[in-house]
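Protein chains in written order, with the working numbering: chain H, 1482 to 1722; chain X, 1482 to 1722.
2 protein chains.
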Amino acid sequence: MIPTKKHLERYHNYLINLPIFNNLNKEDLKPLFDTLQVRQFHKSEVVAFNSKEHSNLYINFDGLFKLTKIDERGDEIVLKIVDRKGMVSPMHFSPHYNVAADFVKNTTLFYFPQEAVAKAMALHHQFSLNIVQFLAESVQSLMLSAEVLQLKTAKEKVGWYLVHSKINATFTLPYSKSLTASYLGMQPESFSRALSELRKDGVILDNKKIRLDNGDELCTYCDPVTGSDCAFFKTPDCIHD
Amino acid sequence: MIPTKKHLERYHNYLINLPIFNNLNKEDLKPLFDTLQVRQFHKSEVVAFNSKEHSNLYINFDGLFKLTKIDERGDEIVLKIVDRKGMVSPMHFSPHYNVAADFVKNTTLFYFPQEAVAKAMALHHQFSLNIVQFLAESVQSLMLSAEVLQLKTAKEKVGWYLVHSKINATFTLPYSKSLTASYLGMQPESFSRALSELRKDGVILDNKKIRLDNGDELCTYCDPVTGSDCAFFKTPDCIHD
DNA sequence: TGTTTTTCTTGATCCAAATCAAGGGTTTGA
DNA sequence: TCAAACCCTTGATTTGGATCAAGAAAAACA
Chain H
1482 MIPTKKHLER YHNYLINLPI FNNLNKEDLK PLFDTLQVRQ FHKSEVVAFN
1532 SKEHSNLYIN FDGLFKLTKI DERGDEIVLK IVDRKGMVSP MHFSPHYNVA
1582 ADFVKNTTLF YFPQEAVAKA MALHHQFSLN IVQFLAESVQ SLMLSAEVLQ
1632 LKTAKEKVGW YLVHSKINAT FTLPYSKSLT ASYLGMQPES FSRALSELRK
1682 DGVILDNKKI RLDNGDELCT YCDPVTGSDC AFFKTPDCIH D
Chain X
1482 MIPTKKHLER YHNYLINLPI FNNLNKEDLK PLFDTLQVRQ FHKSEVVAFN
1532 SKEHSNLYIN FDGLFKLTKI DERGDEIVLK IVDRKGMVSP MHFSPHYNVA
1582 ADFVKNTTLF YFPQEAVAKA MALHHQFSLN IVQFLAESVQ SLMLSAEVLQ
1632 LKTAKEKVGW YLVHSKINAT FTLPYSKSLT ASYLGMQPES FSRALSELRK
1682 DGVILDNKKI RLDNGDELCT YCDPVTGSDC AFFKTPDCIH D
């Protein structure tokens, strides 16, 4: 899809505000933005997202997809859920690593080819720093998931996910229950059972809205990285001191 | 510990050959190398490796340690095993993320403070690229572990780990069985039972040396990223086409 | 060299979550 | 507006790996 001039102007204004372009201005980014590509994917579409054919930097403009890996048996793990403004960079993957992008909704992706990204990095040190920042956050969040997936029980996983949503997204479960379950490496049945355990403790999920009897029921499930975005972080009410 | 001049010369020659300093020369790196610090840790020592007190870039000169996360119950996950020439960069962690370095052997670490690394990145684009490369590989390897840990059975995990060792390290299990087990997110007992299953299939582990009846017994457990370093990769004998 | 300490193996038992199964809700779209 | 498709819940059953326990083997050490 070739974007029209009018669209382009709008897209550039949108892009400039993304964290990956922090502390860079429009003039600096002009050459990079000129290489912008747009592509649409539709719901339930599954695309191999390897670095061979997709050595790009993708930005989710609109829609929702998950980055997954499926094994011979058909079991899948969700490596990342990519929401609006989310990024994926197959350009940084090994040429032999095969992941799939599994589109949950109709989705519009922006992308820049690897060479254009490399050129922008060479010209603007700040952009290199932003890329480093992006990768460091990816490492961090993969380490955090490893921890959650391996050490926590079903109930703790769901509790942890809800604190996440409580703090970041105004008390709403952002995705469907089964998508969330698969992100947490569990079956929808187990997710459902964990929720009904939490319900006994005063955590009610009412049509994706989280409702709490007292307000602190989820604090037990919080971790310090997530917690640092919480209004009560390091106050006497918070478990993290 | 303050390194002597004679040592320094030797250390610099050692450092220059590490992947993180690829395509950089001694003159370029002089200012960074001048900030080199050395620190010794002894066996069984456990040190918090957060970005608050350890906002550095560490290089394992000699010894062995694991980067772990321990929860309230005392259960631990191994995020990374850091062997000689291995690197860890708490400078890239969130200030609220707490991991521990758990020293398996007496270990000597080199490190550079964050500011010195930042300065070197600003001065030498190639060094920024190397840091990006390092982080990209960390992301990749965390994604691969997530896959292995979540999707594979105990037997498959051990099989996978042995292929790894077969291909990279001349048919030897590099670490003790229990360290390997914890890296694979399983108990030593399960590791042992998985090994005896594999033994039935012709995979014998004789004093950490891997011996195979036919030679291809482990190919079932191989993945394409690991496989790309195998001599038989993409030949008719290889399962990856 | 023999003794102590640590690591590894094997067996018995247990448990959390997966799987299987079926009914109830909710969304989609003809 | 109603049926089909999909998602969610609840119950019964299974199961892979954890845990507990105790002995065997190997490594460390004096």
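All residues carry an ideal CB built from backbone N, CA and C; glycine is no exception.
- Going by DSSP, H/L1538 is part of the beta strand (DSSP E) stretching over N1537 to D1543.
- The distance from the Cβ of X/H1577 to that of H/S1709 is about 5 Å, consistent with a contact at the 8 Å cut-off.
- Listed along chain H, the residues sitting closer than 7 Å to X/I1558 by beta-carbon distance are A1627, E1628, Q1631 and L1632.
- Judged by beta-carbon spacing, X/H1535 lies beyond the 8 Å limit of X/F1584, meaning their Cβ atoms are not closer than that value.
- According to the DSSP assignment, X/T1589 belongs to the beta strand (DSSP E) that extends over T1588 to P1594.
- Secondary structure at X/L1604: helix, using DSSP grouped into helix, strand and coil.
- Across the stretch 1573-1595 of chain H, CB contacts with chain X closer than 9 Å involve H1573, F1574, S1575, P1576, H1577, Y1578, N1579 and V1580, in sequence order along the chain.
- In this structure, H/L1590 and H/Y1539 form a Cβ contact; the two beta carbons are roughly 5 Å apart against a cut-off of 8 Å.
- Within the same chain, Cβ atoms closer than 7 Å to the Cβ of X/M1602 are found at F1608, S1609 and I1612, the five residues on either side in sequence being excluded.
- Any Cβ of chain H closer than 8 Å to the Cβ of X/D1543 would place that residue at the interface, and such an atom is absent.
- Within chain X, the residues S1575, H1577 and Y1578 have their CB atoms less than 8 Å from the CB of H/V1706, given in chain order.
- Cβ-Cβ distances below 7 Å link X/Y1642 to T1661 and L1665 in the same chain, with the five nearest sequence neighbours on each side left out; the list follows chain order.
- In the three-state reduction of the DSSP assignment, X/K1511 falls in the helix class, which pools H, G and I.
- If you look at H/V1580, you'll find it isn't in any alpha helix (DSSP H); DSSP assigns it neither H nor E.
- Listed in chain order, the beta strand (DSSP E) elements of length 3 or more contained wholly in the stretch 1655-1715 of chain X are 1684-1687 and 1690-1693.
- In the DSSP assignment, H/K1638 falls within the alpha helix (DSSP H) that extends over A1635 to N1649.
- Apart from sequence neighbours up to five positions away, the residues of its chain that approach H/T1707 with a beta-carbon distance below 7 Å are V1644, H1645 and I1648, ordered along the chain.
- Per DSSP, the continuous beta strand (DSSP E) segment holding H/I1562 begins and ends at E1557 to V1563.
- Of all residues in the stretch 1648-1666 of chain H, those with a C-beta nearer than 8 Å to a C-beta of chain X are G1666, reading in chain order.
- Looking at H/F1514, H/K1511, H/K1561 and H/S1673, the one whose alpha-carbon comes closest to that of X/M1624 is H/K1561.
- When beta bridges are read from the DSSP output, H/M1572 appears opposite no residue.
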